[in-house]
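Residue numbering for the sequence shown follows UniProt numbering, starting at 1 and increasing by one per position. For glycine and all other residues, C-beta sits at the position ideal for the given N, C-alpha and C. Here the structure comes first, spelled out in structure tokens, and everything after it is commentary.
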Amino acid sequence: MNPETRQEALRRHGLTESADGYDLTPQGFQRASRRALTLREQGDREAARMLALDPSNPLRWEYARCIQIDAYTAEVHHSGI
Numbered sequence: 001m002n003p004e005t006r007q008e009a010l011r012r013h014g015l016t017e018s019a020d021g022y023d024l025t026p027q028g029f030q031r032a033s034r035r036a037l038t039l040r041e042q043g044d045r046e047a048a049r050m051l052a053l054d055p056s057n058p059l060r061w062e063y064a065r066c067i068q069i070d071a072y073t074a075e076v077h078h079s080g081i
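Okay, structure coming up:
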């Protein structure tokens, strides 16, 4: 994977890379919240609990970060980047 492609994929998912792993951007939080709504509609109880938390709650941000990391990883694997 070339660096430009990797950066574009990270940007699309609202993630940045740091020494500690991946950080979530505000845009990534919004994307993850929309994705959690879809998961909740499909009966995902964890997504429902996440959405019940206040947007400023660190647990909600951590769950959103995990959703976006999962989506990013799936894109990388599916695309063969």
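Exercise for the section: Since I believe L10 is in contact with E17 (beta carbons under 8 Å), could you give me their beta-carbon distance rounded to a whole number of angstroms? Expected result: As a working mapping, residue 17 is identified with position 17 in the sequence shown. As a working mapping, residue 10 is identified with position 10 in the sequence shown. Their Cβ separation, rounded to whole angstroms, is 6 Å, which keeps E17 and L10 in contact under 8 Å.
Practice task
Would you kindly report the start and end of the unbroken alpha helix (DSSP H) that includes S33?
Solution key: Here the question's residue 33 lines up with position 33 in the sequence shown. Note, S33: alpha helix (DSSP H), P26 to E41.
Practice task
Pick out whichever of R6, I67, L15 and D23 has its Cα sitting closest to the Cα of R40.
Solution key: Here the question's residue 40 lines up with position 40 in the sequence shown. Of R6, I67, L15 and D23, the residue nearest in Cα terms is I67.
Exercise for the section: Kindly indicate which residue of A48, V76 and Y63 has the alpha-carbon position closest to the one of D23. Expected result: Within the sequence shown, the letter at position 23 stands for residue 23. The shortest C-alpha separation from D23 is found at Y63.
Handout entry: Top-ranked residue by Cα proximity to L31, from H77, V76, W61 and G21
Key = Within the sequence shown, the letter at position 31 stands for residue 31. Note that residue 31 corresponds to Arg in the displayed sequence, not to Leu. Of the candidates H77, V76, W61 and G21, the one whose C-alpha sits nearest the C-alpha of R31 is W61.
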